[in-house]
Amino acid sequence: MNWRLVWSLIILTTAIWILKNESWYFFVVQSGSMKPVLKIGDLIVVKPETEYTSGDIITFKNNEGRTVTHRISKVLDDSFLTKGDANKTDDSVRISKTKVIGKVLQIMPKVGLVANFAKTDAGFIFLFLLPLIIVLATKNQIMAVAALIPLTGILFLRAQYTSADLNAEVAVKSNNMKATTVEISLQDTVNNSPKSFLFNLSGFQKGSLSATTIRIRNTGKEKTKCKLLTRQIGDNKKCEQLSLKILDEDKIIYSGKLVGLDLKLGEMESGEKDDLVFLISDNENADNQPTVCNYVLEVGTEANGVFSDTRKASSQIEMAE
Amino acid sequence: MNIKHQLVTTIITVVAATSVTAIGAYAFFNVRKSINTNRFTAGTLDLDVTANGNVNEPINIGDFGSSGKVSGSKVWKIRNSGSLPGKLIFNLQNINNQENGCNAPEIEAEPGCEKDSVGELGKAVAIEALVNGEKVAETTLDNGKDFVYDKSLTLQPKDEVELTVNWKESSQGFGNEAQSDSVGFDMVFRLEQ
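Structure below.
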């Protein structure tokens with residue numbers, strides 16, 4: 000038997016089969032994110048599958064076109080979340096199922112280093128050319144087993160590279176922005192309940208005096224300045240005939256007409272309150288008509304920020320006949 | 000074995016041997032031409048994020064909107080503390096806008112205010128990111144999808160970069176409807192090999 004011919008044909012057909020076969024691929028692991036399962040320099044055999052499940056180690060093309068080998072951490076509808084075993088977090092980009100080359104079936108520790116050598120000039124000579132010459136030169140059947148060497152060389156030449164990319168992630172959590180509050184309230188001084196009116200008087204006697212106390216409280220979180228405003232509602236003239244005095248801790252801080260008040264109060268800290276006494280009187284010489292005054296007291300904030308608040312107390316004073 | 004048979008056998012052997020050699024050479028030169036990434040990379044990838052000397056210090060503003068306080072900034076120092084170069088990525092995650100109840104002025108400005116609904120502060124706050132002084136991303140805090148920086152910068156081992164995050168009132172502006180509202184978020188930094 001002509002062993003040269005036999006081995007030549009065996010090597011030729013096997014080499015063609017190795018290079019043309021697309022049912023499996025070889026990859027040399029270049030980096031260490033799949034430690035300890037895959038180490039740098041390992042050769043992996045990857046086979047395309049129709050289905051992949053969570054936990055499978057797959058080789059895929061990432062969005063940058065690089066070949067990466069990581070483990071599936073979650074199977075999504077048309078993509079996978081992947082993660083390197085040595086990484087703490089998933090990869091940032093989902094991998095489309097169409098980008099998957101295959102599943103890692105076999106791991107050959109450190110053999111990738113030999114495959115890497117095979118791609119060098121020296122490797123090509125020592126792992127392919129020289130063994131091939133020896134095989135073809137020998138007449139010895141046993142020596143021809145060396146035919147495995149050039150075939151392995153071809154197999155190694157077919158091996159590609161895959162990264163097992165490392166990543167590191169730090170999340171600065173609990174960033175928080177909270178808007179402050181600017182709020183004032185008009186309260187009853189007895190029970191701190193909200194008060195929506197100042198006076199509702201009927202049968203108010205000409206020349207008489209009526210008093211009430213109202214509590215202004217800064218219920219917001221922001222230090223704020225407040226101001227008081229009064230304005231009449233409707234077009235009757237009675238309000239203009241009524242007088243108002245405001246006392247703050249026995250000091251008169253306003254004396255004038257009931258309507259048209261525009262009084263700036265001091266700055267109030269959050270939670271601070273201010274009790275004001277309102278005294279309303281009618282001019283003895285005023286006309287008997289009209290007899291009703293409708294007006295509104297407004298307490299507004301003067302915060303410099305974007306928030307503000309205004310509380311209103313509507314009132315009606317009806318004179319006695 | 001006759002001469003003719005020997006000749007045929009020799010020719011076949013030579014052709015086969017030449018073919019194998021050609022295939023091997025083709026495979027070899029094809030590999031040499033197409034693969035230039037045959038480098039093995041051993042090492043670690045890690046990063047530190049500090050602000051004011053504190054590790055992972057978050058933004059914490061409790062009085063947004065008070066006394067005109069509608070802007071500010073935070074500087075994070077991001078350092079590659081591993082032994083391998085890494086591409087920098089950061090983005091916003093888990094943005095959470097909260098109404099936090101509805102106080103009187105808020106209800107006046109927003110009659111439908113519900114205490115557990117989504118707050119309005121996020122859309123009123125615009126943030127931008129500057130890497131070493133150059134603006135690289137901006138968004139408002141009701142969305143955050145545009146606030147992504149993706150691998151435009153490679154940090155070499157021990158390299159440090161400053162990320163400044165500025166915030167201010169968005170062009171939309173805001174009023175009492177945002178009172179007491181809050182917006183929380185995670186700032187995620189990542190190095191990838």
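Chains as they are written, first to last, in numbering that gives the first Met the number 0: chain A, 0 to 320; chain B, 0 to 192. Glycine included, C-beta positions come from ideal geometry on N, C-alpha and C.
For I124 of chain A, the secondary structure class from DSSP, reduced to helix, strand or coil, is helix. One alpha carbon belongs to I94 of chain A, the other to W75 of chain B, and they sit about 31 Å apart. Per DSSP, I232 of chain A lies in no alpha helix (DSSP H) and is assigned neither H nor E. Excluding sequence positions up to five before and after G121 of chain B, its CB lies within less than 7 Å of the CB of I94, N96, T139, L140, D141, V182, all in the same chain and listed in chain order. Your pair V295 of chain A and R230 of chain A checks out as a contact, with CB atoms roughly 6 Å apart and the cut at 8 Å. Within the DSSP bridge table, the entry for R38 of chain B names no partner.
About 15 Å separates the beta carbons of L162 of chain B and K86 of chain B, which is beyond the 8 Å limit, so they are not a contact pair.
Burial of D308 of chain A is indicated by the presence of at least 16 other C-beta atoms within 10 angstroms of its C-beta. For V113 of chain A, the uninterrupted alpha helix (DSSP H) run begins and ends at 110-117, by DSSP. By the Cβ test, the stretch 120-131 of chain A is not in contact with the stretch 76-92 of chain A, since fewer than three Cβ pairs between them sit closer than 8 Å. In this chain, G132 of chain B is not harboured by any beta strand (DSSP E), its DSSP state being neither H nor E.
The DSSP-derived three-state label of P193 of chain A is strand. Separation of N303 of chain A and G172 of chain B (C-alpha to C-alpha, rounded to the nearest whole angstrom) is 15 Å. Within the DSSP bridge table, the entry for Q186 of chain A names A:P193, A:R214 as partners.
A straight line joining the alpha-carbon of K226 of chain A with that of D145 of chain B spans about 43 Å. Per DSSP, A108 of chain B is not a residue of any beta strand (DSSP E); the alpha helix (DSSP H) it occupies stretches across 103-108. Among the CB atoms of chain A, one or more fall inside 9 Å of the CB of N55 of chain B. According to the DSSP assignment, T151 of chain A belongs to the alpha helix (DSSP H) that extends over 147-157. Assignment of V258 of chain A by DSSP, reduced to helix, strand and coil, places it in the coil class.
Residues of the same chain with their beta carbon placed closer than 7 Å to that of G67 of chain B are lacking, with the five preceding and five following residues left out of the count. Under the three-state reduction of DSSP, W75 of chain B is assigned to strand. Taking 8 Å as the upper bound on Cβ-Cβ separation, chain B lies near residues S7, L8, I10, L11, A14, I15, L18 of the stretch 7-24 of chain A. Nearest CB-CB separation between D90 of chain A and chain B: below the 9 Å threshold. The beta carbon of D308 of chain A falls within 9 Å of a beta carbon belonging to chain B, placing the residue at that interface. Under the Cβ criterion of 9 Å, S162 of chain A is counted among the residues facing chain B. Closest in C-alpha terms to L46 of chain B, from the list B:E109, B:N102, B:N79, comes B:N79. Contact between A41 of chain B and I56 of chain A does not hold, since the beta-carbon distance rounds to 20 Å and is not under 8 Å. At least one CB of chain A lies nearer than 9 Å to the CB of F188 of chain B.
Close to chain B, meaning a Cβ-Cβ distance shorter than 7 Å, is no residue of the stretch 265-278 of chain A at all. Residue environment analysis places D180 of chain B among the buried positions, since at least 16 neighbouring C-beta atoms fall within 10 angstroms of its C-beta.
Under the criterion of beta carbons closer than 8 Å, L275 of chain A and K256 of chain A do not qualify as touching, at roughly 17 Å. Nearest to G206 of chain A by alpha-carbon distance, out of A:A167, A:L42, A:N287, A:I15, is A:N287.
Against chain B, a Cβ distance below 8 Å from F127 of chain A picks out G23, F27. Proximity to T179 of chain A across A:N217, A:T161, A:L208, A:Y160 peaks at A:N217, based on C-alpha coordinates. The C-beta of Q155 of chain B has fewer than 16 other C-beta atoms within 10 Å across all chains shown, which makes the residue exposed. For T179 of chain A, the neighbours in chain B by C-beta distance under 7 Å run, in chain order, D62, F63, G64, S65.
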